[in-house]
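Here's the structure, in structure tokens; my notes come after.
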Amino acid sequence: MLTKSEIAALASISVGAFAIYELILKTSSFRRWLDDYLHPFVRIGTVSQLFIHPIKSSKGHLVDEATCTEIGLMNRELRDRYFVIVNEETKMGLTARQLPKMVLIETAIENNKLTLSGQNSNPIVVHLEDVARNANVMRINCKGKITEGLDCGEEVGVWLKKFLASSEPLRLLYFSPGLHSERQVIIGKDWQFSKVPNRKDEVVYPDLTPYMAMSQASLDDLNLKFTEQQFEMRNFRPNIVVAGCPAYDEDLWSDVRIGDQAAFVCVKPCTRCIFTTINPNTGDKSEDTEPLKTLRTYRLAPDELRATYKDSPIFGVHMGLNEAGVIKVGDPVYVRYKKAPY
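What follows is the structure in structure tokens.
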């Protein structure tokens, strides 16, 4: 039989061992190692395209490489969704859903100068140093949340109103770190079947998360359903396109790693709307509401999630950033799979 002193010693050892165990579990590097060991990543393909859209809803830039930051992709002076067009009177953030010709706005940023151009329109230059110096802050409603941006001035507002044939006065806002924003991606518990990550992501002007990915095979499968028209990735506006995996493989992704640096967590399937029906080459909405109409025939959420997603088809996946890094076209893509779709 153990003496009281022996029992006390064993209890002390047990408490100490448990404390060490708790400390190890709380160490991020150990947790990552344990996750990788228990749920290994599988290589599924490569990065085939990277898109950066400087102005929300504008024409995207195809880039060969980009830095993954907390609030989105960056390539030199290009940053994803760092500008937003707003209604000057209502202070509402706008997208091509309201003004479809937005998808035709071309952008270039060099030496702190933003150049906007478009079909049958003279280019206009915005000096971003002047915008920052003037610091004319405008508070707007973006996706139901209050956020701020720096007003880029009257001249570009007039250019946008004319180019977009808007009946309302418009302004262009430029994000600057430190501005007030209520926009955080707080994960909803009804977003997917599997365990939803407990996290918050900072965003600037995207619809939801800083990153959205799609597989090339998903688009290819959609196009097989059409004979007289074909759709582009630009209809769906992902940041990251993955080639080499099966169609709709992204439904099953839990975590994603690209190359040897960047890591992401998948938080929500991407639901599609009327934006997909805008021709990225003409800025016209399709009269037959394709491809949205066809997507609704086979890409609606399962019954258990229908109350959340209703009649919005699922096509792509929203992601948050776990580890920053540089990614390139051609980089290998590794994923950790969920047990069930969504």
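Heads up, the sequence shown is in UniProt numbering, so the first residue is 1 and it goes up one at a time. Even glycine gets a Cβ: it sits at the ideal position worked out from N, Cα and C. All values reported here derive from a predicted model rather than from experimental measurement.
{"Item": "How would you write the range of the alpha helix (DSSP H) that residue 215 sits in, first residue to last?", "Value": "Taken as a continuous stretch (DSSP letters only), residue 215 belongs to no alpha helix (DSSP H), being part of the beta strand (DSSP E) at 211-215."}
{"Item": "Please report the straight-line C-alpha distance between residue 249 and residue 153, rounded to a whole angstrom.", "Value": "44 Å"}
{"Item": "Would you call the CB atoms of residue 241 and residue 255 closer than 8 Å?", "Value": "no"}
{"Item": "Could you tell me whether the Cβ atoms of residue 169 and residue 88 are closer together than 8 Å?", "Value": "yes"}
{"Item": "So, residue 207 versus residue 184, is the Cβ gap smaller than 8 Å?", "Value": "no"}
{"Item": "Let me make sure I understand the geometry here. Which of 230, 91 and 102 has the alpha-carbon closest to that of residue 81?", "Value": "102"}
{"Item": "With H, G and I counted as helix, E and B as strand and the rest as coil, what does DSSP make of residue 43?", "Value": "strand"}
{"Item": "According to the neighbour-count rule (16 or more other Cβ atoms, all chains shown, within 10 Å of its Cβ), is residue 56 buried or exposed?", "Value": "buried"}
{"Item": "Could you give the first and the last residue of the continuous beta strand (DSSP E) run that contains residue 131?", "Value": "Looking at the DSSP string, residue 131 is not in any beta strand (DSSP E); the run it does join, the alpha helix (DSSP H), is 128-134."}
{"Item": "Does residue 298 pass the burial test, meaning 16 or more other C-beta atoms within 10 Å, or should it be called exposed?", "Value": "exposed"}
{"Item": "Is residue 131 buried or exposed, if buried means 16 or more other CB atoms sit within 10 Å of its CB?", "Value": "buried"}
{"Item": "In angstroms with no decimal places, state the Cα-to-Cα distance between residue 238 and residue 214.", "Value": "6 Å"}
{"Item": "Counting C-beta neighbours from all protein chains within 10 Å, is the total for residue 61 16 or more, i.e. buried, or is it exposed?", "Value": "buried"}
{"Item": "Can you give me the Cβ contacts of residue 166 inside the same chain, cut-off strictly under 8 Å, excluding the 5 residues immediately before and after it?", "Value": "99 and 160"}
{"Item": "State the start and end residues of the unbroken alpha helix (DSSP H) segment that holds residue 157.", "Value": "154-163"}
{"Item": "Count the C-beta pairs between the segment 42-57 and the segment 331-340 that are closer than 8 Å, then say yes if the count reaches three, no if not.", "Value": "yes"}
{"Item": "Could you give the DSSP three-state label for residue 250: helix, strand or coil?", "Value": "helix"}
{"Item": "Does the distance from the CB of residue 257 to the CB of residue 312 come in under 8 Å?", "Value": "no"}
{"Item": "On the DSSP letters alone, give me the boundaries of the beta strand (DSSP E) that residue 116 sits inside.", "Value": "113-118"}
{"Item": "Buried or exposed for residue 96, please, with buried defined as at least 16 other CB atoms from any protein chain shown within 10 angstroms of its CB.", "Value": "buried"}
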